[in-house]
Amino acid sequence: MSASDCGTGGYRGFRTAVVPAAGLGTRFLPTTKTVPKELLPVLDTPAIEYVAAEAARAGADRLVLVVSPGKESVAAYFDSNPDLEAELRGQGRDALLAKVRRAPGLIRVEVAVQRKPLGLGHAVGCAEPLLAEDEDAVAVLLPDDFVLPTGVLGTMAAIRRRHGGSVLCAFDVPRERISAYGVFEVEDTDDPDVRRVRGMVEKPAPEAAPSTLAAAGRYLLDRAVFDALRRIVPGAGGELQLTDAVALLIDEDHPVHVVVHHGERHDLGTPAGLLRASVDFALADSDVGPELRRWLRDRVERETT
Ligand code: UTP
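In terms of the numbering used here, the sequence shown opens at residue 397 and continues consecutively.
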């Protein structure tokens, strides 16, 4: 099949990846008084670079970063810095130079501004004016949700090709931990890892949860979502919720499916989650891993003796 067989999005089904990064990041206060949480490093690289790399690998042509006034540095991270590059080149620090040049070379970045933190749904809506007329779907990636291994967007695009509509991503989590998440009410399809979504419940009690499938921060949304976003009213916390727009699409019989992703996730939206992700990445790093592993063993042993 050639790319043009699959419509305007090409074989991957979308050209634009929207990354909402305009939230207040209150769980990282006081740091987020001045440093956006999207720039906090996992080991040495900010979360926003990982998510841009994931979008580029999934075939997106461009990233629409939604930022608030004051968080322009998140977008500036993707600009090149010729002075710094010249300095590093002059010093022969080639490995560092390559790291510095990595983000600007990943993907074309455009900025949409969300003037007030009116919710994730509202933030996604801020990207609509930047879309071309023939874009019939967009990917949305939440930068504070690390979904590993990367590549689930490719699977989601294949599901959209088969079923149409919108495709979301879920993890199967133990029922006793389900009340931390948005949970899908689903029915089976002929593929055990693909379910048709009939509804969504935010943070249900374990015994009331309609399934153990928890929403993750990856979405492949039909363009109809923007119309739905205009029709919803503020929900939890007075914010326009993306899940309410998806719920409206489901009510109107728009096909919504979920891919059950088998892997790991890190919640980079909390200090404990970011720390865990950093330790995970550091242990896998050949430079810092061995020494950290020794230190962690000693440290935990001291704790338990
Ligand atoms: P979160 O609720 O996890 O992020 O939103 P937050 O609001 O920044 O963090 P806390 O809860 O105050 O600690 C998920 C994603 O949606 C974006 C956030 O930047 C984050 O990437 N978001 C949220 C917006 O872009 N705008 C909003 O109004 C709300």
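Every residue gets a Cβ at the ideal spot worked out from N, C-alpha and C, and that includes glycine.
Give a single yes or no on whether residue i has its beta carbon closer than 7 Å to a heavy atom of the ligand UTP.
i	result
Asp623	no
Gly631	no
Pro513	yes
Asp640	no
His662	no
Pro539	yes
Val509	no
Could you pull the DSSP bridge partners for residue i from this structure?
i	result
Ser562	Val652
Glu583	Arg592
Pro542	The sequence shown places Phe at residue 542, not Pro. DSSP output for Phe542 lists His662 as bridge partner(s).
Thr441	Val438
Arg504	Arg458
To the nearest angstrom, report how far apart residue i and residue j are at their CA atoms.
i	j	result
Ala680	Leu692	14 Å
Val563	Thr701	49 Å
Asp568	Pro651	21 Å
Gly515	Arg690	43 Å
Tyr446	Val543	10 Å
Asp640	Asp584	22 Å
Val579	Ala605	7 Å
His662	Arg423	15 Å
Grab me the residues of residue i's own chain with a C-beta within less than 7 Å of its C-beta, minus the 5 sequence neighbours each way, in chain order.
i	result
Gly685	Ala678 and Leu679
Val507	Leu461, Val463 and Ala471
Val590	Ile555, His653 and Val655
Lys467	Ala417, Ala418 and Pro432
Gly631	Gln637 and Asp640
Arg627	Leu644
Leu492	Leu484
If I measure Cβ to Cβ from residue i and keep anything under 8 Å in the same chain, skipping five residues before and after, which residues do I get?
i	result
Arg453	Thr546 and Gly547
Leu664	Lys433, Leu436, Val438, Ala443, Pro539, Asp540, Asp541, Phe542, Leu670 and Ala673
Thr608	Asp568, Val569, Pro570, Arg571, Ile574 and Val579
Just to confirm, is the Cβ distance from residue i to residue j under 8 Å?
i	j	result
Ala418	Ala519	yes
Pro465	Arg511	yes
Ala535	Val414	yes
Whose C-beta lies closer than 6 Å to the C-beta of residue i among residues of the same chain, with five residues either side of it excluded?
i	result
Met552	Val563, Leu616 and Val655
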